[in-house]
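*Asks:*
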Amino acid sequence: MSAGSDAPAGREERRIGSWILAETLGRGGAGVVYAATHAETGARGALKLARPDGSALESHWFAREARLAARLRHPYVVALLEHGRTDDEQPYLVYERVDGRSLEDAVDWLDLHQIVRVGGELFEALGYAHDAGVVHCDVTPPNVLLDDNAGGAARLIDFGLAKARDEASALRLAAGVQISGTPGYLSPEQARGASSPGPASDLFGCGAVLFRALTGYAPYGGSSAMEIVHHTLTAAPLPLRPRQGLRAPAQLAEVVERLLARDPEQRYPSAAQARQAWLEAARAHTPAEGASRSALLRSPSLPSMETIRVEPLTSTPGERAVLFSTVRATPSAGLDRGAVHR
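For the sequence shown, my numbering assigns the number 21 to the initial residue and increments by one for each residue that follows.
Structure follows, in structure tokens:
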């Protein structure tokens, strides 16, 4: 059965395969995410359904996401439960559904202990994914859930932009330019259009997330997505000033600064080594001064978080070979931005 549009209230239950669809959790550039329940087992899922008019490129993205996410089974990674196609040949993915807020929603309320814990769990999740040959490519606060049923443990989600480790993209376009990721969190090499960002790019993203948790703002700001990307390529990160009331060891800032190094070779060699450095820094006893309220009020803010994807232009020859298509980034569970799991 196809589920390309929302059914009015009172209609008979809607199903895709063995999954009964309930409310819409969110929408994004790649499709719609529904709350779903398995008809036989009662398992709770979040079903991501491709747009009915989706392109062959979008279908390729779904297939790649399914292939890579299926490799991962880890306590800090949301698991893919099933994937397939509807009778109308729309690709779909079903992930486990997680109860909890996104890190984006919770980050300004976390204390130092919670920030340290989230960082350690993210490094562990990324290390596992890298060992399994998967590079996430979009580590951001909305792509981390804090699982209420696991004591607030971090769960890495949304593998829609993931690539196989060392995989040269098959989607590079005529001009040889490709950018994918979330401005403010994507690495300089992603901003330059690297065809195969490696684990170091995920470490940069994790560093940017931890920067955001410590300061209240992302390491790069600007008035538009492309301005933020430009700053990522040309400027140093913003000053790391702990937000008001947060007394963080200065050594934590040093770890984050190394994670944000412009040269990937200057970052930590692996997520495991980054995790070790992070936890050791957290045990240090030299707290940095908290930022004043006036400094916080001057802190740069990002526009609505957007994720850049690349799509081929259908316009006349000679125009730019890529279109920067932006999708508002809101919490999801391994899915498209826009799926909020409560």
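Glycine is no exception: its CB is placed at the ideal position from the N, C-alpha and C atoms.
(1) Taking the alpha-carbon positions, what's the Glu300 to Pro284 distance?
(2) Just verifying my parser: in three-state terms, what is the DSSP assignment at Tyr148?
(3) Report the partner residues of Gly218 according to the DSSP bridge assignment.
(4) If distances are taken between C-alpha atoms only, which option among Val97, Gly46, Gly37, Arg121 comes closest to His103?
(5) Counting only the same chain and skipping the five closest in sequence on each side, list residues whose C-beta sits under 7 angstroms from that of Ala297.
(6) Just to confirm the assignment, what range does the alpha helix (DSSP H) spanning Ala298 have?
(7) How long is the line joining the alpha carbons of Leu45 and Ser122, rounded to whole angstroms?
(8) Mind reading off the beta-carbon distance from Gly65 to Trp39? Whole number of angstroms is fine, and I expect it under 8 angstroms.
(9) Roughly how many angstroms separate the alpha carbons of Thr61 and Asp128, rounded to a whole number?
(10) Please report how far the alpha carbon of Arg267 lies from the alpha carbon of Pro72, in whole angstroms.
(11) Look up Leu181 in the DSSP assignment and say whether it is helix, strand or coil.
(12) I'd like the span of the alpha helix (DSSP H) that includes Ala59, first residue to last.
(13) Restricting to runs no shorter than 3 residues, where is the beta strand (DSSP E) found entirely within the stretch 128–177?
(14) Pick helix, strand or coil for Thr202, following the three-state DSSP scheme.
(15) Would you grab the beta carbon distance between Val97 and Ala149 for me? Rounded to a whole angstrom, and I think it's under 8 angstroms.
(16) Pick helix, strand or coil for Arg9, following the three-state DSSP scheme.
(17) Among the residues of its own chain, which have a CB less than 6 angstroms from the CB of Val136, if the five just before and after it don't count?
(18) What do you get for Ser243, buried or exposed, if any count of 16 or more other CB atoms within 10 angstroms of its CB means buried?
(19) Could you check if Asn163 is buried or exposed, using at least 16 other CB atoms within 10 Å of its CB as the buried criterion?
(20) Can you name the residues that DSSP bridges to Arg34?
(21) Would you kindly check if the distance between the Cβ of Leu223 and the Cβ of Pro257 is under 7 angstroms?
(22) Which whole-angstrom value describes the C-beta separation of Val118 and Leu67, a residue pair presumed to lie in contact below a C-beta threshold of 8 angstroms?
(23) How would you write the range of the alpha helix (DSSP H) that Val249 sits in, first residue to last?
(24) As a quick exercise: from Pro259, Gln110, His156, pick the residue whose alpha carbon is nearest that of Leu88.
(25) On the DSSP bridge assignment, give the partners of Leu260 in chain order.
(26) Going by Cα to Cα distance, which pick from Ala184, Glu141, Gly201 is closest to Ala174?
(27) With distances taken between CB atoms, is the gap from Gln271 to Ala304 smaller than 7 angstroms?
(28) For Leu69, write down the residues that DSSP places opposite it in a beta bridge.
*Replies:* Straight from the coordinates:
(1) Residue 300 sits at position 280 when you count from the first residue of the sequence shown. Residue 284 sits at position 264 when you count from the first residue of the sequence shown. Approximately 22 angstroms, taken between the alpha carbons.
(2) Indexing the sequence shown from 1 puts residue 148 at position 128. Reduced to three states, the DSSP call for Tyr148 is helix.
(3) As a position in the sequence shown, residue 218 is number 198, starting the count at 1. None; Gly218 has no bridge partner.
(4) Walking along the sequence shown from the start, residue 103 turns up at place 83. Minimum Cα distance to His103 is reached at Gly37.
(5) Residue numbering aside, residue 297 sits at position 277 when the sequence shown is read from its first letter. Excluding positions up to five away in sequence, the list reads Val275, Tyr288.
(6) As a first step, residue 298 is located in the sequence shown; it is residue number 278 there, counting from the start. Note on residue identity: the sequence assigns Trp, not Ala, to residue 298. Counting along the chain, the alpha helix (DSSP H) containing Trp298 begins and ends at 291–302.
(7) Sequence index remark: in the sequence shown, residue 45 carries index 25 (1-based). Sequence index remark: in the sequence shown, residue 122 carries index 102 (1-based). Rounded to the nearest angstrom, the two C-alpha atoms are 14 angstroms apart.
(8) Translated into positions along the sequence shown, residue 65 becomes position 45. Translated into positions along the sequence shown, residue 39 becomes position 19. Gly65 to Trp39, Cβ: 6 angstroms. Contact.
(9) The count along the sequence shown starts at 1 and reaches residue 61 at position 41. The count along the sequence shown starts at 1 and reaches residue 128 at position 108. Thr61 and Asp128 have their C-alpha atoms some 38 angstroms from each other.
(10) For the purposes of this step, residue 267 is taken as the residue at position 247 of the sequence shown. For the purposes of this step, residue 72 is taken as the residue at position 52 of the sequence shown. Going by the C-alpha atoms only, they are around 50 angstroms apart.
(11) Indexing the sequence shown from 1 puts residue 181 at position 161. Looking at Leu181 - three-state DSSP - the assignment turns out to be coil, as it is neither helix nor strand.
(12) Start at 1 with the first residue of the sequence shown, and residue 59 comes out as number 39. Premise fails: Ala59 is in no alpha helix (DSSP H) and is neither H nor E.
(13) 164–167, 173–176
(14) Working through the sequence shown from its first residue, we reach residue 202 at position 182. Three-state result, Thr202: coil.
(15) Numbered from 1 along the sequence shown, position 77 holds the residue referred to as residue 97. Numbered from 1 along the sequence shown, position 129 holds the residue referred to as residue 149. Confirmed, about 7 angstroms.
(16) Since the displayed the chain opens at 21 and closes at 362, residue 9 lies outside it and no answer follows.
(17) Position 116 of the sequence shown holds residue 136. Result list for Val136: Ala302, in chain order.
(18) Numbered from 1 along the sequence shown, position 223 holds the residue referred to as residue 243. That one is exposed.
(19) Taking the first residue of the sequence shown as position 1, residue 163 is located at position 143. Flag for Asn163 reads buried.
(20) Locating residue 34 in the sequence shown gives position 14, where the first residue counts as 1. BP columns for Arg34 point to Leu41.
(21) As a working note, residue 257 is residue 237 in the sequence shown. As a working note, residue 223 is residue 203 in the sequence shown. Not in contact: Pro257 and Leu223 (Cβ atoms no closer than 7 angstroms).
(22) Walking along the sequence shown from the start, residue 118 turns up at place 98. Walking along the sequence shown from the start, residue 67 turns up at place 47. In fact, because the Cβ distance is near 14 angstroms, the residues do not count as touching under 8 angstroms.
(23) Sequence index remark: in the sequence shown, residue 249 carries index 229 (1-based). 245–254 is the span of the alpha helix (DSSP H), which, as asked, contains Val249.
(24) Reading the sequence shown from its first residue, position 68 is the one you call residue 88. The candidate whose alpha carbon is nearest that of Leu88 is His156.
(25) Looking up residue 260 in the sequence shown gives position 240. Leu260 pairs with nothing; no bridge assigned.
(26) The residue you call residue 174 lines up with position 154 of the sequence shown. Ala174 has its Cα closest to that of Glu141, out of Ala184, Glu141, Gly201.
(27) Sequence index remark: in the sequence shown, residue 271 carries index 251 (1-based). Sequence index remark: in the sequence shown, residue 304 carries index 284 (1-based). In contact: Gln271 and Ala304 (Cβ atoms closer than 7 angstroms).
(28) Mapped onto the sequence shown, residue 69 falls at position 49. Note: Leu69 is bridge-paired with Val52, Tyr112 in the DSSP secondary-structure output.
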